[in-house]
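Here's the structure, in structure tokens; my notes come after.
Number of protein chains: 2
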Amino acid sequence: MEKGGIIFGHDERRCREFIERIDGSRPLFACVIASTETAKIPGLSAAGAMPEITDYTPPADVELLFYGKCKCIDGVPVTPDGIPTPALITMSALRLSGMPCFVVNGGLKVLPKVPFFEVGGSPGKDIRSGRSVESPQEVYERSSIIGRQLSKLADYLVVGESIPGGTTTALSVLLAMGVDARRKVSSSMPNNPHDLKMRVVEAALGTAGISFGSLQRDPFRAISSVGDPMMPAAAGLIAGAAEEVPVIMAGGTQMCAVLKVIESISPDVLSNLAIGTTKWILEDKTSDIRELISKIAPVPVLAAGLDFSSSKYSGLRAYELGVAKEGVGAGGSSIAAMLSSGGAITKDSLLREIEVNYGMLTNASPS
Amino acid sequence: MEKGGIIFGHDERRCREFIERIDGSRPLFACVIASTETAKIPGLSAAGAMPEITDYTPPADVELLFYGKCKCIDGVPVTPDGIPTPALITMSALRLSGMPCFVVNGGLKVLPKVPFFEVGGSPGKDIRSGRSVESPQEVYERSSIIGRQLSKLADYLVVGESIPGGTTTALSVLLAMGVDARRKVSSSMPNNPHDLKMRVVEAALGTAGISFGSLQRDPFRAISSVGDPMMPAAAGLIAGAAEEVPVIMAGGTQMCAVLKVIESISPDVLSNLAIGTTKWILEDKTSDIRELISKIAPVPVLAAGLDFSSSKYSGLRAYELGVAKEGVGAGGSSIAAMLSSGGAITKDSLLREIEVNYGMLTNASPS
Numbered sequence: 062m063e064k065g066g067i068i069f070g071h072d073e074r075r076c077r078e079f080i081e082r083i084d085g086s087r088p089l090f091a092c093v094i095a096s097t098e099t100a101k102i103p104g105l106s107a108a109g110a111m112p113e114i115t116d117y118t119p120p121a122d123v124e125l126l127f128y129g130k131c132k133c134i135d136g137v138p139v140t141p142d143g144i145p146t147p148a149l150i151t152m153s154a155l156r157l158s159g160m161p162c163f164v165v166n167g168g169l170k171v172l173p174k175v176p177f178f179e180v181g182g183s184p185g186k187d188i189r190s191g192r193s194v195e196s197p198q199e200v201y202e203r204s205s206i207i208g209r210q211l212s213k214l215a216d217y218l219v220v221g222e223s224i225p226g227g228t229t230t231a232l233s234v235l236l237a238m239g240v241d242a243r244r245k246v247s248s249s250m251p252n253n254p255h256d257l258k259m260r261v262v263e264a265a266l267g268t269a270g271i272s273f274g275s276l277q278r279d280p281f282r283a284i285s286s287v288g289d290p291m292m293p294a295a296a297g298l299i300a301g302a303a304e305e306v307p308v309i310m311a312g313g314t315q316m317c318a319v320l321k322v323i324e325s326i327s328p329d330v331l332s333n334l335a336i337g338t339t340k341w342i343l344e345d346k347t348s349d350i351r352e353l354i355s356k357i358a359p360v361p362v363l364a365a366g367l368d369f370s371s372s373k374y375s376g377l378r379a380y381e382l383g384v385a386k387e388g389v390g391a392g393g394s395s396i397a398a399m400l401s402s403g404g405a406i407t408k409d410s411l412l413r414e415i416e417v418n419y420g421m422l423t424n425a426s427p428s
Numbered sequence: 062m063e064k065g066g067i068i069f070g071h072d073e074r075r076c077r078e079f080i081e082r083i084d085g086s087r088p089l090f091a092c093v094i095a096s097t098e099t100a101k102i103p104g105l106s107a108a109g110a111m112p113e114i115t116d117y118t119p120p121a122d123v124e125l126l127f128y129g130k131c132k133c134i135d136g137v138p139v140t141p142d143g144i145p146t147p148a149l150i151t152m153s154a155l156r157l158s159g160m161p162c163f164v165v166n167g168g169l170k171v172l173p174k175v176p177f178f179e180v181g182g183s184p185g186k187d188i189r190s191g192r193s194v195e196s197p198q199e200v201y202e203r204s205s206i207i208g209r210q211l212s213k214l215a216d217y218l219v220v221g222e223s224i225p226g227g228t229t230t231a232l233s234v235l236l237a238m239g240v241d242a243r244r245k246v247s248s249s250m251p252n253n254p255h256d257l258k259m260r261v262v263e264a265a266l267g268t269a270g271i272s273f274g275s276l277q278r279d280p281f282r283a284i285s286s287v288g289d290p291m292m293p294a295a296a297g298l299i300a301g302a303a304e305e306v307p308v309i310m311a312g313g314t315q316m317c318a319v320l321k322v323i324e325s326i327s328p329d330v331l332s333n334l335a336i337g338t339t340k341w342i343l344e345d346k347t348s349d350i351r352e353l354i355s356k357i358a359p360v361p362v363l364a365a366g367l368d369f370s371s372s373k374y375s376g377l378r379a380y381e382l383g384v385a386k387e388g389v390g391a392g393g394s395s396i397a398a399m400l401s402s403g404g405a406i407t408k409d410s411l412l413r414e415i416e417v418n419y420g421m422l423t424n425a426s427p428s
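Just so you know, the sequences run in chain order A and B. Using my numbering, you'd call the opening residue of the first sequence number 62 and step up by one each time. Using my numbering, you'd call the opening residue of the second sequence number 62 and step up by one each time.
Shown next, in the form of structure tokens:
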């Protein structure tokens, strides 16, 4: 069912209960950004045509949130077809709602020209090395301190992510921890390269000596071997905040790996969590977030019912064809913007704001 | 006058009005830490006996706030006589009040093992180079973004600092900007080395080609030539927050230089500012914060009326002799802890908490 622009995607009772807890109250948005060399494997990420550009996508995304334009690149991050980053959605949700926004550096090759929280992380290596992330436990613990501090300041948190290549690292961590995610993680491309992802992940697990589920109780080893640096920062931030307040885990199937990590380290906080994503993730035929969540923890899945099919811009209508889909907390921040506004912000007013910002940023003409 | 443990140190009417605005409301504490090579000039800082230790004081101070112990050093920062850092007071105020706490890295040689905001700063050079701070404007602007975000989340901010050598850099920036601060800045030592400070500052101003007041309208050049990296971060953070909410500038005469910078860049926010310090700064016969403030801007000066004369520990009674005096927002955080507690936290209960923490951290026996 859909109510007020928000789709109850999985576990309708828990969806309703979660929304009742946060409706009309004050959210805080935080975005965890990181990079991994895994994203540069040809064909894996939407930005794979130009591997080095993946280093610039996360910093450019958060510059867009703070400044309404990118500083470390010209224009805005786009797919090879010119479809704009979902950060455009998040930026629009933040502008309409006035929601406070913070950035956490999980581990980046290129730093953004915005203020951000440092938690001691490093950029991620190619997971085929079997040693992809440094000091995940230290990063988790420092991030959980931020989560605890922020939980004193807002009624609930919305935590998004931006890391190219993140669905492949999610797949490898989920398999290492015993969640059969094969052919279930999503992609920013309409043609989800499942076979390539599996070959990369099998190579990674092989190098690290990990079999299916062998690290079920060792999330930090799963991350340090075959994960990415967004994971420990997001998991710590979310778990630290969720000790006290509800948290929307704002993302698609990448957040399933983060949820599995939290379920392993801090199961007491699960009742304070929901996944908040987009309609395009729920509708994606090449992935299955509901199935993944049902294998991990009894957590509701909410989705922003954004509909770009009537947009005057072809670059936005492309979202309805399954390009980009989600990222930078687009779905979760849209949900929070709508819920916090007492009806003033709707999926229609969001689309209008997104179109205004898209027009300004790209100089695109309606087409 | 003193009321509820808080001394009205300067401009009684504005003191009363400021307290009325924040009494009973929710504060947020932020501490800006940085380092400067200036601190290593022999005889200048309390830590001058071992110059390299000054790099560890700011990170150790904020580790104490988050963990109740230091991680980057054994024990806690102390003066050569073994008198503990004022961070002990701040830690106690935060623990009693539950106030949220954040750290901003203005530019550090040694990073703390806590989460902190990064704003693009670098460690400060010796001011005698005439080129002491890199990119102060960029740091100011990024810090002001943090201030604006945090101002959405709390009723008011308390902003402290920790930078050894900071009163000498304050003196040089104040002179460059036309505030006659000679023999008016304080010291963490009972014998304030005014003559040495003036020699250092005169050398710095000479190298940079600056005369008294010649940079009155160029605060960023004053900082980049003869300032320290705490200044642009603190000034930006404070000014950004004070666009919307009151801010206690928690510090002694170092905050006078920050205030002068804000007065020059962002005079509209002055009515939202107060200095919050300690009784020991007000009573210091070797410096004059009232005189400095009266030369800069019509801002009230509040002071925590902490009294350690009855403490069972000689290391704390030494504060009454003018050792340490202030730092890490000790005075401002004590004021905010008392005001936010509805009378539950007093200067006496603060002293008891400080004694408990001092005993645990130093294994000192009453003496």
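Heads up, the beta-carbon is just placed ideally off N, CA and C, and yes, glycines get one too.
Query	Result
Can you tell me whether residue 185 (chain A) is helix, strand or coil according to DSSP?	strand
Nearest-angstrom Cα distance between residue 252 (chain A) and residue 368 (chain A)?	21 Å
Cβ of residue 210 (chain B) less than 8 Å from any chain A Cβ?	yes
Excluding the 5 residues flanking residue 366 (chain A) on each side, which residues of the same chain have their C-beta closer than 7 Å to its C-beta?	63, 66, 67, 68, 340, 408
Going straight from the alpha carbon of residue 191 (chain A) to that of residue 285 (chain A), what length do you get?	8 Å
Nearest-angstrom Cα distance between residue 231 (chain A) and residue 169 (chain B)?	35 Å
Indicate the three-state DSSP secondary structure (helix, strand or coil) for residue 300 (chain A) in the structure shown.	helix
Using the three-state DSSP reduction, which class does residue 90 (chain B) fall into: helix, strand or coil?	strand
Who are the neighbours of residue 215 (chain B) on chain A, taking C-beta pairs under 7 Å?	214
Which parts of the stretch 198-229 of chain B are runs of the beta strand (DSSP E), unbroken and 3 residues or longer, counting only runs that do not cross its ends?	217-223
Can you pull the DSSP bridge partners for residue 339 (chain B)?	B:365
In terms of residue numbering, what span does the alpha helix (DSSP H) encompassing residue 392 (chain B) cover?	391-401
Is the distance from the Cβ of residue 287 (chain A) to the Cβ of residue 233 (chain A) below 8 Å?	yes
Is DSSP giving residue 145 (chain A) helix, strand or coil here?	strand
Ordered along the chain, which non-local residues of its own chain (more than five positions away) have a Cβ less than 7 Å from that of residue 395 (chain A)?	150, 154, 365, 367, 411
Sort A:147, A:130, A:197 by Cα distance to residue 392 (chain A) and report the nearest one.	A:147
Mapping the DSSP letters down to three states, classify residue 383 (chain B) as helix, strand or coil.	coil
Closer than 8 Å, CB to CB, is residue 204 (chain B) near chain A or not?	yes
Can you check whether the C-beta of residue 92 (chain A) is within less than 8 Å of a C-beta belonging to chain B?	no
Suppose the cutoff is 8 Å on Cβ atoms and the five residues either side in sequence are ignored; what does the same chain contact list for residue 221 (chain A) look like?	90, 91, 92, 93, 151, 311, 312, 388, 389, 390, 391, 393, 394
Is there a Cβ of chain A sitting closer than 8 Å to that of residue 73 (chain B), yes or no?	no
Going by the beta-carbon positions, is the gap between residue 119 (chain A) and residue 101 (chain A) smaller than 8 Å?	no
8 Å is my cut-off, CB to CB: does residue 261 (chain B) come that close to chain A?	no
Using a Cβ-Cβ cutoff of less than 7 Å, which residues in the same chain neighbour residue 156 (chain A) once the five nearest sequence positions on both sides are dropped?	414
Below 8 Å on the Cβ atoms is my contact criterion, and I expect residue 88 (chain A) with residue 397 (chain A) to pass it. Report the Cβ-Cβ distance as a whole number of Å.	4 Å
Between residue 297 (chain A) and the rest of its own chain, which residues show a CB-CB distance below 6 Å, the 5 nearest in sequence each way excluded?	201, 204, 205
Can you tell which of A:250, A:103, A:256, A:350 has its C-alpha closest to the C-alpha of residue 338 (chain A)?	A:350
If you reduce the DSSP assignment to three classes, tell me which class residue 172 (chain B) lands in.	coil
Which residues of the stretch 169-180 of chain A have a Cβ closer than 9 Å to any Cβ of chain B? Give them in chain order.	172, 174, 175, 176, 177, 178, 179, 180
Please work out which residues of its chain come closer than 8 Å, Cβ to Cβ, to residue 262 (chain A), disregarding the five sequence neighbours upstream and downstream, and give them in chain order.	188, 229, 232, 233, 236, 287
Jot down the residue ranges of each uninterrupted alpha helix (DSSP H) in the stretch 251-333 of chain A, minimum 4 residues, whole runs only, in chain order.	255-269, 280-287, 291-303, 315-326
Anything in chain A within Cβ reach of residue 162 (chain B), meaning under 8 Å, just list it in chain order.	210
Give me, in chain order, the residues of the same chain whose beta-carbon lies closer than 6 Å to that of residue 309 (chain B); leave out the 5 immediate sequence neighbours on both sides.	219, 335, 337, 393
Using the beta-carbon of each residue, which ones in chain A are nearer than 9 Å to residue 157 (chain B)?	Those do not exist, as residue 157 (chain B) stays about 15 Å from chain A at its closest Cβ, beyond 9 Å.
Output the boundary residues of the alpha helix (DSSP H) element that contains residue 376 (chain B).	375-378
Expressed to the nearest angstrom, what Euclidean distance is found between the alpha-carbon atoms of residue 244 (chain B) and residue 258 (chain B)?	9 Å
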